[in-house]
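Enquirer:
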Amino acid sequence: RTPLNALLGMAQLLDRADLGRPHSDHVKVLVEAGRGLQTLLDDVIALTQDHNGALSDKECDPVQAARAVARLLQPRAWEKSLRLSVTTGANLPHVAADPRRVRQALLKLADNGLKFTETGGVEIHAEAITCDDREFVRFAVIDTGLGVPQEVVSRLFKPFSPGDTSYARQEQGAGLGLAVVKRIVDTAGGETGFESEPGQGANFWFTLPAVRDAEQSHYPEGDRDAAPAPSGLNLLVFTGRLDTDKWLTHALEPFGNKIAFAQSAVEATARAGREEFDAIVAAAKATDMLAASPGVKAPIVALLMPGERAPVCAGAMLRWPTDPRQLYEALAEVCANRKSSRASPSGEGAVAAIDAAAFSALEKSVGVATLVEILKSYIETTEQLCGALAIASDDANWQQAARLAQDIAGSASGLGLLAMTAAARGFAAAAREGASAHVLRNDAQTIVLEHERVRKALGNLYPDLVA
Numbered sequence: 029r030t031p032l033n034a035l036l037g038m039a040q041l042l043d044r045a046d047l048g049r050p051h052s053d054h055v056k057v058l059v060e061a062g063r064g065l066q067t068l069l070d071d072v073i074a075l076t077q078d079h080n081g082a083l084s085d086k087e088c089d090p091v092q093a094a095r096a097v098a099r100l101l102q103p104r105a106w107e108k109s110l111r112l113s114v115t116t117g118a119n120l121p122h123v124a125a126d127p128r129r130v131r132q133a134l135l136k137l138a139d140n141g142l143k144f145t146e147t148g149g150v151e152i153h154a155e156a157i158t159c160d161d162r163e164f165v166r167f168a169v170i171d172t173g174l175g176v177p178q179e180v181v182s183r184l185f186k187p188f189s190p191g192d193t194s195y196a197r198q199e200q201g202a203g204l205g206l207a208v209v210k211r212i213v214d215t216a217g218g219e220t221g222f223e224s225e226p227g228q229g230a231n232f233w234f235t236l237p238a239v240r241d242a243e244q245s246h247y248p249e250g251d252r253d254a255a256p257a258p259s260g261l262n263l264l265v266f267t268g269r270l271d272t273d274k275w276l277t278h279a280l281e282p283f284g285n286k287i288a289f290a291q292s293a294v295e296a297t298a299r300a301g302r303e304e305f306d307a308i309v310a311a312a313k314a315t316d317m318l319a320a321s322p323g324v325k326a327p328i329v330a331l332l333m334p335g336e337r338a339p340v341c342a343g344a345m346l347r348w349p350t351d352p353r354q355l356y357e358a359l360a361e362v363c364a365n366r367k368s369s370r371a372s373p374s375g376e377g378a379v380a381a382i383d384a385a386a387f388s389a390l391e392k393s394v395g396v397a398t399l400v401e402i403l404k405s406y407i408e409t410t411e412q413l414c415g416a417l418a419i420a421s422d423d424a425n426w427q428q429a430a431r432l433a434q435d436i437a438g439s440a441s442g443l444g445l446l447a448m449t450a451a452a453r454g455f456a457a458a459a460r461e462g463a464s465a466h467v468l469r470n471d472a473q474t475i476v477l478e479h480e481r482v483r484k485a486l487g488n489l490y491p492d493l494v495a
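When we follow the numbering used here, the leftmost residue of the sequence shown carries the number 29, and every step to the right adds one.
1) Suppose you measure from the CA of D471 to the CA of G454; what does that come to, to the nearest Å?
2) Measuring CA to CA, which of L101, L332, L390 is closest to A314?
3) If you reduce the DSSP assignment to three classes, tell me which class P237 lands in.
4) Evaluate L134 with the Cβ neighbour count: other Cβ atoms within 10 Å of its Cβ, from every protein chain shown; 16 or more gives buried, anything less gives exposed.
5) To the nearest angstrom, how far is the alpha carbon of P491 from that of S109?
6) Given this structure, state the Cα-to-Cα distance separating T409 from L489, to the nearest angstrom.
7) Among A293, V394, F305, which residue has its Cα nearest to the Cα of K325?
8) Return the residue from the list T158, V57, V123 that minimises the CA-CA distance to C88.
9) Hey, would you say I170 sits closer than 8 Å to E155, going by beta carbons?
10) Tell me whether the stretch 289-308 and the stretch 455-475 touch, counting them as touching only if at least three CB pairs, one residue from each stretch, are closer than 8 Å.
11) Tell me the start and end of each unbroken alpha helix (DSSP H) in the stretch 102-157 that is at least 4 residues and wholly inside, in chain order.
12) Secondary structure at F539, three-state DSSP: helix, strand or coil?
13) Just to confirm, is the Cβ distance from V309 to L236 under 8 Å?
14) Which residues in the same chain as L137 place their Cβ atom closer than 7 Å to its Cβ, once the five residues preceding and following it in sequence are excluded?
15) Measure the C-alpha to C-alpha separation of G221 and F234 and round it to an integer number of angstroms.
16) Taking the alpha carbon of I328 as the point to measure from, which residue in E461, A319, A364 has its own alpha carbon closest?
17) When you compare only the Cα positions, how much space is there between E281 and R299?
18) Pick from L445, A430, F164, V114: whose alpha carbon is nearest that of P121?
19) Given this structure, state the Cα-to-Cα distance separating A118 from V91, to the nearest angstrom.
Structure representation (structure tokens):
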């Protein structure tokens with residue numbers, strides 16, 4: 029395992045480097061192959077280890093185990109646009125098992141569920157049951173996937189039996205996962221099993237002996253693993269849904285968090301680029317646009333509505349509807365390693381309207397006098413376009429307004445005015461998508477205000493512009 033860890037670690041470092049194609053593609057293949065080999069090696073080690081006595085001397089909270097596995101596999105579920113959920117019975121007892129081994133067994137089953145499910149989702153469930161006057165906790169992983177073909181049923185839970193060989197080749201499976209689960213559960217005094225019909229999904233389960241004491245009964249289900257609510261955060265929220273905004277307000281404001289709500293993508297982009305936020309909570313469809321916008325530094329928690337695909341640039345993601353605990357965990361995750369830096373009332377820390385270094389380079393290229401003439405022409409033209417945009421907005425002529433905004437974006441882009449470019453392009457996109465008149469008028473005003481900010485910044489840099 030040690031040399032493999034070194035090889036995989038170096039490959040992952042190369043994967044993060046800017047190698048360019050085709051070398052980056054080769055490294056990705058190397059990383060994936062290394063991970064597959066690591067999984068195989070871990071399974072072989074787990075299968076050959078002596079687990080006797082390693083489980084019964086310890087206790088595990090089944091709720092925490094199920095949630096830990098779900099958190100670990102959530103990114104893979106998002107990649108496949110699958111739902112991954114955890115459901116548990118109330119007041120579950122602990123089980124007589126090493127928490128690490130319980131998570132390992134549950135992880136194998138849940139990973140298989142995601143592997144062989146293309147639509148729908150996977151549910152991790154835990155409940156207390158009684159068998160022969162003894163109490164057990166039954167863990168189950170229920171998926172909506174392919175199901176188990178009848179011809180491979182007899183080979184399940186045996187080493188090197190991956191089932192249908194076509195899927196084994198597809199997933200690079202060696203058939204050890206279920207054997208590892210059975211070995212762990214048998215050692216702990218539990219049972220394994222499954223129910224499935226081809227094409228109807230599968231329910232793989234195992235049981236472990238319960239351990240209940242007086243202290244455990246005082247903890248209702250859901251409280252033991254609750255994440256503390258964050259406090260004192262400065263947050264930007266853009267969801268496009270009033271009910272979601274209200275829910276976020278109730279979940280966050282009572283703990284002293286300050287929330288700024290954006291009513292459109294343009295407003296969200298402009299505020300995220302100008303102001304300092306600890307985190308942004310945004311609709312999934314707007315996440316990548318926000319992350320790519322100039323000046324946006326805050327990490328983003330994306331809210332994925334049913335049927336939406338996961339964005340690429342989210343710091344954390346939540347399937348909606350969610351619960352406060354998951355929201356708190358996501359915010360804690362994205363804020364953990366980020367130093368908060370609030371913008372002062374004077375605007376200190378806000379993103380500059382212009383890139384002074386870029387204009388300095390232009391000076392050297394064309395000369396100050398020529399550059400000033402170019403900027404005068406830009407300011408005059410943009411003021412005319414902004415005036416026409418205001419008129420088109422008042423008349424609700426959004427087709428004309430979109431064309432004007434696109435012209436504004438083209439002029440600003442040529443001078444490297446990134447914030448102005450983003451605001452104008454965002455307006456044009458919103459107008460084409462049929463955003464409400466109220467939202468579009470606010471966005472048009474944002475463009476006008478951004479032009480004024482650019483004009484003042486250029487005037488400070490080149491006094492001849494206002495002479």
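Heads up, the beta-carbon is just placed ideally off N, CA and C, and yes, glycines get one too.
Expert: Quick look at the numbers:
1) As a working note, residue 471 is residue 443 in the sequence shown. As a working note, residue 454 is residue 426 in the sequence shown. Cα-Cα distance, rounded: 8 Å.
2) In the sequence shown, residue 314 corresponds to position 286, counting from 1. The residue with the shortest Cα to Cα distance from A314 is L332.
3) For this step, residue 237 is matched to residue 209 along the sequence shown. In the structure shown, P237 sits in a strand (DSSP, three-state: E or B).
4) Numbered from its first residue, the sequence shown carries residue 134 at position 106. When all chains shown are included, L134 counts as buried.
5) The count along the sequence shown starts at 1 and reaches residue 491 at position 463. The count along the sequence shown starts at 1 and reaches residue 109 at position 81. Approximately 54 Å between the Cα atoms of the pair.
6) In the sequence shown, the residue the question calls residue 409 occupies position 381. In the sequence shown, the residue the question calls residue 489 occupies position 461. Distance between the alpha carbons of T409 and L489: 19 Å.
7) Here residue 325 refers to the residue found at position 297 of the sequence shown. Checked all of A293, V394, F305; the closest Cα to K325 is F305.
8) To locate residue 88, count along the sequence shown from 1; it is residue 60. Nearest C-alpha to C88: V123.
9) Reading the sequence shown from its first residue, position 142 is the one you call residue 170. Reading the sequence shown from its first residue, position 127 is the one you call residue 155. Result no, Cβ atoms of I170 and E155 do not sit closer than 8 Å.
10) yes
11) 127-143
12) Limits of the chain in this structure are 29 at one end and 495 at the other, which puts residue 539 out of reach.
13) As a working mapping, residue 309 is identified with position 281 in the sequence shown. As a working mapping, residue 236 is identified with position 208 in the sequence shown. Going by C-beta atoms, V309 is not nearer than 8 Å to L236.
14) The sequence position of residue 137 within the sequence shown is 109, counting from 1. V169, V209, F232, listed in sequence order.
15) Position 193 of the sequence shown, counting from 1, holds the residue named residue 221. Position 206 of the sequence shown, counting from 1, holds the residue named residue 234. The straight-line gap from Cα to Cα measures roughly 6 Å.
16) Taking the first residue of the sequence shown as position 1, residue 328 is located at position 300. When only C-alpha atoms are compared, the closest one is A319.
17) As a working note, residue 281 is residue 253 in the sequence shown. As a working note, residue 299 is residue 271 in the sequence shown. Their Cα atoms are separated by approximately 20 Å.
18) Numbered from 1 along the sequence shown, position 93 holds the residue referred to as residue 121. Of the listed residues, the one whose Cα sits closest to P121 is F164.
19) For the purposes of this step, residue 118 is identified with residue 90 of the sequence shown, where counting begins at 1. For the purposes of this step, residue 91 is identified with residue 63 of the sequence shown, where counting begins at 1. Cα to Cα, A118 sits roughly 10 Å from V91.
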